[in-house]
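Asks:
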Amino acid sequence: MAKKKTSAGTPATTALTAAGTAFTVHAYEHDPAAPSYGEEAAQALGVDPARVFKTLIASVDGGLTVAIVPVSATLDLKALAAAVGGKRAAMADPAAAERTTGYVLGGISPLGQRKRLPTALDASAADHETICVSAGRRGLEVELSPKDLAALTDAVLAPIARNSQPGTRRNS
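If you use the numbering used here, the sequence shown closes out at 871, no skipped numbers anywhere.
1) Quick check on Ala819: buried or exposed, where buried means 16 or more other Cβ atoms within 10 Å of its Cβ?
2) Alpha carbon to alpha carbon, how far is Gly806 from Ala794? Give it in angstroms, no decimals.
3) Which residue spans inside the stretch 817-866 form an unbroken alpha helix (DSSP H) run of at least 4?
4) Would you say Tyr727 and Ala711 are within 7 Å of each other, going by their C-beta atoms?
5) Less than 6 Å between C-beta atoms, sequence neighbours within five positions excluded: which residues of the same chain meet that for Gly737?
6) Counting Cβ pairs closer than 8 Å, one from the stretch 785-793 and one from the stretch 818-833, do we hit at least three?
7) Where DSSP assigns a beta bridge to Val768, which residues make up the other side?
8) Name the one or two DSSP bridge partners that Val724 has.
9) Give the C-beta separation of Leu851 and Leu810 to the nearest angstrom, bearing in mind that I take them to be a contact with Cβ-Cβ under 8 Å.
10) Let me know the secondary structure DSSP gives Gly801 once reduced to three states.
11) Kindly indicate which three-state DSSP category Ala796 falls into: helix, strand or coil?
12) Please report the distance separating the alpha-carbon of Ala714 from that of Gly762.
13) Buried or exposed: Val803, going by 16 or more other Cβ atoms within 10 Å of its Cβ?
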């Protein structure tokens, strides 16, 4: 993996640089008509969709929680609730997700959010040396080790994803 870069200038890359974490920024031309932000990123970067993770915001027992799952899968809300010690989970209101994280849908990064939220990373991330997550805006991904991502976000590693048809959810 290349040395850390700061040229992207997002809160996510700033947080990575401040932590001294090795990462690589990958940019691509975002197509507003793409049906899935994550699938678009995987295809544009030529990366296996199992290594590209989307950041979803859910409400668990009334509090917002970050879920990081492969773009080729869907979030298992029941598993997410269990992973963070809750009982019920539902997808968060998109406006609340944007307001709380400081990012727009399709560009929500698990890193550098306005408010630190409980976070769960799908256990499949551990199967890869590096994974890609949003770097904080559409058309920009950051590649780093899942171990570093978990450490920086205080994420619990848990099986919170279930396989699905790609391209079915747009709130990453």
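Here a beta-carbon is modelled for each residue, glycine too, at the ideal position from N, C-alpha and C.
Replies: In terms of the structure at hand:
1) buried
2) 13 Å
3) 845-852
4) no
5) Val751, Lys753, Val770 and Ser871
6) no
7) Lys753
8) Val841
9) 6 Å
10) coil
11) helix
12) 24 Å
13) exposed
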